[in-house]
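Trainee:
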Amino acid sequence: MTHRPDPDPMERATPSEKVLVVDFGAQYAQLIARRVREAKVYSEIVPHDLSAEEFAAHEPIAIILSGGPKSVHVEGAPSIDPGVYDLGVPILGICYGAQLIAQQLGGVVGRGGAGEYGRTVMNRIPGVPSVLLTDDLPEHQTVWMSHFDSVTEVPEGFVATATSPGAQVAVLENPERRIFGVQYHPEVVHSPHGQELIERFLHEIVGASAQWTMANFVDDAIAAIREQVGDGRAICGLSGGVDSAVAAAIVQRAI
Numbered sequence: 045m046t047h048r049p050d051p052d053p054m055e056r057a058t059p060s061e062k063v064l065v066v067d068f069g070a071q072y073a074q075l076i077a078r079r080v081r082e083a084k085v086y087s088e089i090v091p092h093d094l095s096a097e098e099f100a101a102h103e104p105i106a107i108i109l110s111g112g113p114k115s116v117h118v119e120g121a122p123s124i125d126p127g128v129y130d131l132g133v134p135i136l137g138i139c140y141g142a143q144l145i146a147q148q149l150g151g152v153v154g155r156g157g158a159g160e161y162g163r164t165v166m167n168r169i170p171g172v173p174s175v176l177l178t179d180d181l182p183e184h185q186t187v188w189m190s191h192f193d194s195v196t197e198v199p200e201g202f203v204a205t206a207t208s209p210g211a212q213v214a215v216l217e218n219p220e221r222r223i224f225g226v227q228y229h230p231e232v233v234h235s236p237h238g239q240e241l242i243e244r245f246l247h248e249i250v251g252a253s254a255q256w257t258m259a260n261f262v263d264d265a266i267a268a269i270r271e272q273v274g275d276g277r278a279i280c281g282l283s284g285g286v287d288s289a290v291a292a293a294i295v296q297r298a299i
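For the sequence shown, my numbering gives the first residue as 45, with consecutive numbering after it.
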């Protein structure tokens with residue numbers, strides 16, 4: 045008989061609703077994942093080079109493409125498997141992520157220009173309906189920009205719903221496919237209404253239940269460890285780093 049190892053208790057403690065934050069090589073992914081969790085939705089950071097099948101295996105309820113330090117035009121710029129767009133999973137692209145969506149789906153990302161850095165005012169485009177920018181958000185809102193290139197033509201099926209002095213397309217939307225992109229950084233405190241937009245995407249567009257908390261995760265992990273170890277004994281290797289220290293604390297509480 046083939047021995048099948050017990051599943052990782054942390055995997056068994058993972059909530060059923062999971063948002064994947066795709067890392068494009070900057071500090072943004074960590075903060076985005078934190079903001080998602082602050083919205084009471086579980087998130088995990090994943091590398092950009094997963095295949096569409098690997099993305100699907102995670103069974104995410106949404107995918108968020110983070111910002112990144114590179115231009116989509118440079119050789120070797122990070123991208124994602126185009127098949128991800130056909131999974132039927134809601135997608136939100138932020139900064140580089142928005143540009144990548146535009147480029148991969150047939151839009152145009154302009155090269156160079158003056159760029160846009162720091163606080164600026166983003167303006168709703170009059171008369172254009174928006175699913176992402178709800179009426180309770182200001183028509184003119186302060187946002188934090190950090191980009192050199194910018195989207196100049198949206199892909200077929202998309203519409204631009206906001207603009208800024210340095211970004212002809214500050215927000216692009218395809219409600220039918222539930223694919224959205226924002227040129228600014230809603231995850232930073234310098235975008236005062238950014239968390240509202242993230243929660244709008246997660247709760248109303250994606251339909252996340254907003255019931256996850258870190259306390260719930262710890263409780264589930266403890267229960268899973270107790271089930272796996274039972275009356276047995278366990279060895280914990282503690283290096284003194286944050287990860288192993290947290291693991292040791294959880295195991296200690298569990299058994």
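Where is the CB? At the ideal position from N, CA and C, for every residue including glycine.
Since this is a predicted model, take the numbers as computed values, not measurements.
1. Quick one, are the C-beta atoms of Asp179 and Val116 less than 8 Å apart?
2. Quick check: the Cα distance between Val290 and Gly112, rounded to an integer number of angstroms?
3. Start and end of the beta strand (DSSP E) containing Glu243?
4. Please tell me whether Pro104 and Thr164 are closer than 8 Å, where the distance is taken between their beta carbons.
5. Should Thr205 go down as buried or exposed, given a rule of 16 or more other Cβ atoms within 10 Å for buried?
6. Quick test of the definition: if touching needs 3 or more C-beta pairs under 8 Å, does the stretch 144 to 155 touch the stretch 169 to 183?
7. Give the secondary structure of Pro126 by DSSP, where H, G and I count as helix, E and B as strand, and everything else as coil.
8. Taking Arg168 as the reference, which of Tyr161, Gly154, Val187 has the closest Cα?
9. Applying the criterion that 16 or more other CB atoms from any shown protein chain within 10 Å of the CB defines a buried residue, is Gly162 buried or exposed?
10. Would you call Pro126 buried or exposed, if buried means 16 or more other Cβ atoms sit within 10 Å of its Cβ?
11. How many angstroms separate the CA atom of Leu136 from the CA atom of Val226?
12. Mapping the DSSP letters down to three states, classify Asp287 as helix, strand or coil.
13. Leaving out five residues on either side along the sequence, give the residues of the same chain with a beta carbon under 6 Å from the beta carbon of Leu246.
14. Could you tell me whether the stretch 62 to 69 touches the stretch 87 to 96, using the rule of 3 or more Cβ pairs below 8 Å?
15. Kindly indicate which residue of Glu220, Arg78, Pro122 has the alpha-carbon position closest to the one of Gly69.
16. For Val215 versus Gly151, is the C-beta distance shorter than 8 Å?
17. Could you tell me the distance, in whole angstroms, from the CA atom of Val133 to the CA atom of His191?
18. Using only alpha-carbon positions, find the residue among Glu183, Gly276, Gly284 that is nearest to Ala298.
19. Can the beta-carbon of Val203 be found closer than 8 Å to that of Glu217?
20. Applying the 10 Å Cβ sphere with the 16-neighbour rule, what's the burial state of Glu160?
21. Suppose the cutoff is 6 Å on Cβ atoms and the five residues either side in sequence are ignored; what does the same chain contact list for Lys114 look like?
Mentor: Result, derived from the coordinates:
1. no
2. 29 Å
3. Counting along the chain, Glu243 falls outside any beta strand (DSSP E), though it belongs to the alpha helix (DSSP H) covering 238 to 243.
4. no
5. buried
6. no
7. helix
8. Val187
9. exposed
10. exposed
11. 8 Å
12. helix
13. Ala83, Val85, Ala252
14. yes
15. Pro122
16. no
17. 26 Å
18. Gly276
19. yes
20. buried
21. Ala121
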